[in-house]
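Asker:
In the working numbering, the protein residues as written are 40 to 406.
(1) Only counting the same chain, and skipping five residues up and downstream in sequence, which positions put a Cβ closer than 8 Å to that of residue 355?
(2) Helix or strand or just coil, what does DSSP make of residue 166?
(3) On the DSSP letters alone, give me the boundaries of the beta strand (DSSP E) that residue 299 sits inside.
(4) Quick check: residue 87 and residue 263, are their CB atoms within less than 7 Å of each other?
(5) Relative to the C-alpha of residue 130, which candidate in 260, 364 and 60 has its C-alpha closest?
(6) Pull up the distance between the alpha-carbon of residue 363 and that of residue 347, whole angstroms please.
(7) Starting from residue 292, trace the beta strand (DSSP E) both ways and give me its first and last residue.
(8) Helix, strand or coil for residue 401 per DSSP?
(9) Excluding the five sequence neighbours on either side, which residues of its own chain have a C-beta within less than 6 Å of the C-beta of residue 49, listed in chain order?
(10) Ordered along the chain, which non-local residues of its own chain (more than five positions away) have a Cβ less than 7 Å from that of residue 105?
(11) Grab the span of the alpha helix (DSSP H) containing residue 231 for me, first residue to last.
(12) Roughly how many whole angstroms lie between the Cα atoms of residue 284 and residue 313?
(13) Which residues does DSSP list as the beta-bridge partners of residue 114?
(14) Return the chain-ordered list of same chain residues with a C-beta closer than 8 Å to the C-beta of residue 386, the five sequence neighbours on each side being excluded.
(15) Considering only residues of the segment 239-286, which uninterrupted beta strand (DSSP E) runs meet the minimum length of 3 residues and lie entirely inside it, listed in chain order?
(16) Is residue 209 near residue 289, with beta carbons less than 7 Å apart?
(17) Should residue 192 be labelled buried (16 or more other beta-carbon atoms within 10 Å of its own) or exposed?
(18) Per DSSP, which one or two residues make a beta bridge with residue 142?
(19) For the segment 353-393, which segments carrying the beta strand (DSSP E) assignment without a break, of at least 3 residues, lie completely within its bounds, in sequence order?
(20) Consult DSSP for residue 317 and reduce its assignment to one of helix, strand or coil.
(21) For the beta strand (DSSP E) holding residue 158, just list the boundary residues, first then last.
(22) Specify the secondary structure class of residue 210 as computed by DSSP and reduced to three states.
(23) Would you decide whether residue 126 is buried or exposed? Buried here means 16 or more other CB atoms lie within 10 Å of its CB.
(24) What is the C-beta distance between residue 309 and residue 270, in whole angstroms, given that I count them as a contact (C-beta under 8 Å)?
(25) Contact between the segment 198-217 and the segment 231-249 is defined here as three or more beta-carbon pairs at a separation below 8 Å; is this criterion met?
(26) Please classify residue 189 as buried or exposed, where buried requires at least 16 neighbouring CB atoms within 10 angstroms.
(27) Less than 7 Å separating the beta-carbons of residue 151 and residue 128?
(28) I believe residue 277 touches residue 291 by the beta-carbon criterion, under 8 Å. Please report the beta-carbon distance rounded to the nearest angstrom.
(29) Let's test the definition: count the other Cβ atoms within 10 Å of the Cβ of residue 89 and tell me whether it reaches 16, buried, or not, exposed.
(30) For residue 58, does the three-state DSSP call read helix, strand or coil?
(31) Taking DSSP as the reference, what is the three-state secondary structure of residue 184?
(32) Whose CA, out of 329, 381 and 326, lies closest to the CA of residue 353?
(33) Locate the alpha helix (DSSP H) running through residue 73, then write down its first and last residues.
(34) Use the C-beta contact count for residue 383: other C-beta atoms within 10 angstroms, 16 or more gives buried, fewer gives exposed.
(35) Grab the span of the alpha helix (DSSP H) containing residue 196 for me, first residue to last.
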């Protein structure tokens, strides 16, 4: 059987309405491959999955949808990855509910790279987005692929940060691979398709349906070695991803925040339940026992920032603790601009935040 004919059978198995993941897995367990499923008689199918599903398998004509999917896969950068393919994500093979196939736009090789999930609130604060972006940049620079869900807020910031590093990023979406939700992230999705990969288990044309996003979350967790939550409310969908990661025996990390912020409550809840409190990307790498140098990346040590404005700020700080008013006087910068610059310097190990709203430069190379 040719590869094209085999793929048609895989697509047909996923495109028949009313045949869910459990039924598909039972059919594959019973008959082996999709072509054997459709070659089986009505009696055998009914014995395996019941009369209702068997009748749907035998009676539904989805040839137009199959042809549309094949045409989509012929476009540059588009791929359909099935359970039978060598580059199907190995991490998902041990999951309780692995998708029968994935639609992928971009670098399918990233599906089997070591990865970490970064998730959080859609209604993130500006500081939360900056934190997610800088964690993602550092983790990607260390060689880890960052997995997230292409939502607004923390997800989008994580993808942006990861694109700057060699680990790049995987965006798992809850719509068909030919649709992007939310539309505000269409340009980001295009960038990911060029340097990372966008994947979906849903048929082409699937709109944004609320029930699909928890299913997407299980793939985010399943592709990853751990899950980092940056900002999350008490009922955030990010906590679903974190729970799935924990149930799979993966590390869960959470960034703490103010006890007065609603977007810190989910992270604090995770920490109370055993998640690792992390303040830097190095904390995550240490817990994962990930050595960037092993993969050929430079060691995670801080150097002089390449940004001239950031280097100038460090020079103005000296090594004595100082507050924002002092820094504003020394640099002529506004408090908002200083805060935007200090956060990445803090995450990169150049600056420490002290009690009382003060900041201190950290000598590099010091023990």
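The beta-carbon is built from N, C-alpha and C at its ideal position, and this holds for glycine as well.
Answerer: According to the structure shown:
(1) For the purposes of this step, residue 355 is taken as residue 316 along the chain shown, with counting starting at 1. Contacts found: 366, 369 and 370.
(2) Residue mapping note: residue 166 aligns to position 127 of the chain shown, counting from 1. Reduced to three states, the DSSP call for residue 166 is helix.
(3) For the purposes of this step, residue 299 is identified with residue 260 of the chain shown, where counting begins at 1. Per DSSP, residue 299 belongs to no beta strand (DSSP E) and is neither H nor E.
(4) Sequence index remark: in the chain shown, residue 87 carries index 48 (1-based). Sequence index remark: in the chain shown, residue 263 carries index 224 (1-based). Between residue 87 and residue 263, the CB-CB gap reaches or exceeds 7 Å.
(5) For the purposes of this step, residue 130 is taken as the residue at position 91 of the chain shown. Ranked by Cα distance from residue 130, the first of 260, 364 and 60 is 260.
(6) By 1-based counting over the chain shown, the position of residue 363 is 324. By 1-based counting over the chain shown, the position of residue 347 is 308. In a straight line, the C-alpha of residue 363 is about 19 Å away from that of residue 347.
(7) In the chain shown, the residue the question calls residue 292 occupies position 253. Secondary structure note for residue 292: its beta strand (DSSP E) is the uninterrupted segment 290-293.
(8) Indexing the chain shown from 1 puts residue 401 at position 362. Assignment of residue 401 by DSSP, reduced to helix, strand and coil, places it in the coil class.
(9) As a first step, residue 49 must be located in the chain shown, where it is residue number 10. Closer than 6 Å at Cβ, skipping near neighbours: 73, 121 and 140.
(10) Translated into positions along the chain shown, residue 105 becomes position 66. Listed in chain order, the non-local C-beta contacts of residue 105 below 7 Å within the same chain comprise 47, 50, 51 and 54, local neighbours out to five positions each way being set aside.
(11) Start at 1 with the first residue of the chain shown, and residue 231 comes out as number 192. 225-234 is the extent of the alpha helix (DSSP H) around residue 231.
(12) For this step, residue 284 is matched to residue 245 along the chain shown. For this step, residue 313 is matched to residue 274 along the chain shown. It is roughly 13 Å from the alpha-carbon of residue 284 to the alpha-carbon of residue 313.
(13) Indexing the chain shown from 1 puts residue 114 at position 75. DSSP lists no partner for residue 114.
(14) Taking the first residue of the chain shown as position 1, residue 386 is located at position 347. If we look at residue 386 and ignore the five residues flanking it on each side, its Cβ neighbours are 170, 173, 174, 177, 319 and 320.
(15) List check, beta strand (DSSP E) in window: 265-268.
(16) If you number the chain shown from 1, residue 209 lands on position 170. If you number the chain shown from 1, residue 289 lands on position 250. Residue 209 is not a Cβ neighbour of residue 289, given a cutoff of 7 Å.
(17) The residue labelled residue 192 in the question sits at position 153 within the chain shown. Per the 10 Å Cβ criterion, buried.
(18) As a first step, residue 142 is located in the chain shown; it is residue number 103 there, counting from the start. BP columns for residue 142 point to 119 and 239.
(19) List check, beta strand (DSSP E) in window: 390-393.
(20) In the chain shown, the residue the question calls residue 317 occupies position 278. The DSSP-derived three-state label of residue 317 is coil.
(21) Mapped onto the chain shown, residue 158 falls at position 119. Its beta strand (DSSP E) spans residues 154-158.
(22) One-based indexing of the chain shown puts residue 210 at position 171. The DSSP-derived three-state label of residue 210 is strand.
(23) Indexing the chain shown from 1 puts residue 126 at position 87. Flag for residue 126 reads exposed.
(24) In the chain shown, counting from the first residue as 1, residue 309 sits at position 270. In the chain shown, counting from the first residue as 1, residue 270 sits at position 231. Actually they do not touch by this definition, with Cβ atoms about 12 Å apart.
(25) Contact annotation: the segment 198-217 touches the segment 231-249, with at least three C-beta pairs closer than 8 Å.
(26) On the chain shown, position 150 is the one that residue 189 refers to. By the 10 Å Cβ count, residue 189 comes out buried.
(27) As a working note, residue 151 is residue 112 in the chain shown. As a working note, residue 128 is residue 89 in the chain shown. Contact flag set, yes.
(28) Position 238 of the chain shown, counted from the start, is the residue given in the question as residue 277. Position 252 of the chain shown, counted from the start, is the residue given in the question as residue 291. No, residue 277 and residue 291 are not in contact; Cβ-Cβ is about 11 Å, not under 8 Å.
(29) Translated into positions along the chain shown, residue 89 becomes position 50. Its Cβ having fewer than 16 others within 10 Å, residue 89 is exposed.
(30) Residue mapping note: residue 58 aligns to position 19 of the chain shown, counting from 1. Correct three-state label for residue 58: coil.
(31) Position 145 of the chain shown holds residue 184. Strand.
(32) The sequence position of residue 353 within the chain shown is 314, counting from 1. Nearest C-alpha to residue 353: 381.
(33) On the chain shown, residue 73 is found 34 positions in, with the first residue counted as 1. Note, residue 73: alpha helix (DSSP H), 73-78.
(34) As a first step, residue 383 is located in the chain shown; it is residue number 344 there, counting from the start. With 16 or more neighbouring CB atoms inside 10 Å of its own CB, residue 383 falls in the buried class.
(35) Counting from 1 along the chain shown, the entry for residue 196 is found at position 157. Secondary structure note for residue 196: its alpha helix (DSSP H) is the uninterrupted segment 193-202.
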